[in-house]
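**Student:**
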Ligand SMILES: [Zn+2]
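Residue numbers (this note's numbering): 163 to 238.
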């Protein structure tokens, strides 16, 4: 009876260790993914005219140059 109990405890302990290790690995993998991938709009571009930094998504590209607004780009 005692042997069976110890065996059960051992099995549960092994499962716990495996689960704990897996969850730890998953967390570290998620952290790596987050640090590697750059979210959209995170890249800042400098306006050619007024030198204001604007995110790449909002920037206006004219003649291969970045502008913060239509006014700076000269678009009416
Ligand atoms: Zn500007």
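Virtual Cβ for every residue (Gly too), placed ideally from N, Cα, C.
Measuring from each Cβ to the nearest heavy atom of ligand 1, keep the ones under 6 Å and list them in chain order.
**Tutor:** 209, 211, 212, 214, 229, 230, 231 and 234
**Student:** In the structure shown, what three-state DSSP assignment does residue 217 receive?
**Tutor:** The sequence position of residue 217 within the chain shown is 55, counting from 1. Strand, per DSSP.
**Student:** Might you give, ordered along the chain, the residues of its own chain that have their beta carbon closer than 6 Å to the beta carbon of residue 203, omitting 5 neighbours on each side?
**Tutor:** The residue you call residue 203 lines up with position 41 of the chain shown. Annotation note: pLDDT 47 at residue 203 (below 50); position unreliable, coordinate value reported separately. Only 217 and 219 meet the Cβ criterion.
**Student:** Specify the secondary structure class of residue 180 as computed by DSSP and reduced to three states.
**Tutor:** Counted from its first residue, the chain shown places residue 180 at position 18. Residue state for residue 180 is assigned as helix, using DSSP reduced to three classes.
**Student:** Can you look up residue 205 in the DSSP assignment and give me helix, strand or coil?
**Tutor:** Here residue 205 refers to the residue found at position 43 when the chain shown is read from its first residue. In the three-state scheme derived from DSSP, where H, G and I count as helix and E and B as strand, residue 205 is classed as coil.
**Student:** Can you tell me whether residue 182 is buried or exposed? The criterion is at least 16 other CB atoms within 10 Å of its CB, across all chains shown.
**Tutor:** The sequence position of residue 182 within the chain shown is 20, counting from 1. The residue in question, residue 182, is exposed, as its Cβ has fewer than 16 Cβ neighbours within 10 Å.
**Student:** What does the alpha-carbon distance come out to for the pair residue 226 and residue 211?
**Tutor:** For the purposes of this step, residue 226 is taken as the residue at position 64 of the chain shown. For the purposes of this step, residue 211 is taken as the residue at position 49 of the chain shown. The straight-line gap from Cα to Cα measures roughly 13 Å.
**Student:** According to DSSP, is residue 237 helix, strand or coil?
**Tutor:** Here the question's residue 237 lines up with position 75 in the chain shown. Here residue 237 sits in coil by DSSP.
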